[in-house]
Structures are given as C-alpha cells and as structure tokens.
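Have a look at the structure below, then the notes.
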Ligand SMILES: [Zn+2]
Ligand SMILES: [Zn+2]
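Numbering (the UniProt record's numbering), first residue to last: 1 to 165.
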C-alpha cells in the first residue's frame, strides 16, 4: 500500500500542476479567445484597477462608474505589479490629489506587462480574472471553480497541519 506521503504528493501534483495547466488552456482558448493576455489585460484594466483600489475614482469612471467605497481590495499591489506596470505618465488633469489623498487616478499610468502570458498566472489569479472580467462564463462554471478552490485550500490546510506529510 502506498504511504500517505506518496498519496499526498500525487494529490498535490494533480491539484496544483494539472489543474493550473487545464485552467491555462481554458483561459487561452475560451476566455482570451486567441487574443494575447497583454491586450486582454489592457482592455479590462478598468475592472482590474478597481479590484486593487475599489474606493478610488479613476479617469475611466466618467464612462462607467466602478467605485465601491466600502469594498475590500481583491488584489494586492504586488499582485497588480505581477500583471501591470504602474508607473506610466498620467494625462494632464487626470491625476488629482487632495492633500495626500488621490481623488482621481489616471489609468494611463497602468499598462499590462509586455509579453505576459497565462504561464505567469497562478490558479488564484486566473480564477480572479475570470470572475471579474468574464462574469457570465464564471457563473456558468462557478461550481467547478469552487471545487478547485476548496480542494486546494483543504490540501494547503493539511500541509500546514502536517497531517498528511
Ligand atoms: Zn474607474
Ligand atoms: Zn487618465
């Protein structure tokens, strides 16, 4: 009988590596529909910006207001920086500050990283992007994404507990 450690490593391999591979393929073919991830992230940068800064108005909010004052950030600055460069030049009058508070952020400062591909994304990031940018697709497959998330969390929990290693 295979020992628990071996079974755990097999399960870990399936949950992390295989599922990540399948999700990447799904992203490339269905979500991106043969567009590059770079162009996809540039088109949806307004949505992605407000996952990072939900309470800060931006210059694209004139067309579609996405500010949600009391919502917590879904993405950290580090996660945003893994997808975008954040130090572009704001357009004149677009970046406004009151005291030390940014009252409007200019999205010209944000640009998707050149040559970024789904190989650069982990499972959490892929699910976050699909949920935010392709909500209809996400809702259709929500059960499956939920299963991936809970199984992965359960495994991570066992790993930190040391119960399966
Ligand atoms: Zn906005
Ligand atoms: Zn702007």
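Ideal Cβ placement from N, Cα and C applies to all residues, glycine included.
Contact test: residue i Cβ vs ligand 1 heavy atom, cutoff 8 Å
i, result
"residue 91", "no"
"residue 12", "no"
"residue 106", "no"
Buried versus exposed call for residue i [16 or more other C-beta atoms within 10 Å across all chains shown]
i, result
"residue 48", "buried"
"residue 157", "exposed"
"residue 29", "exposed"
"residue 21", "exposed"
"residue 14", "exposed"
"residue 31", "buried"
"residue 6", "exposed"
"residue 25", "exposed"
Beta-carbon proximity of residue i to residue j, cut-off 9 Å
i, j, result
"residue 51", "residue 73", "yes"
"residue 84", "residue 110", "yes"
"residue 59", "residue 94", "yes"
"residue 91", "residue 108", "yes"
"residue 23", "residue 102", "no"
8 Å CB neighbourhood of residue i in its chain, flanking five on each side removed
i, result
"residue 38", "112, 113, 114, 115, 116"
Cβ neighbours of residue i in the same chain (closer than 6 Å, five flanking residues each side left out)
i, result
"residue 138", "130, 131"
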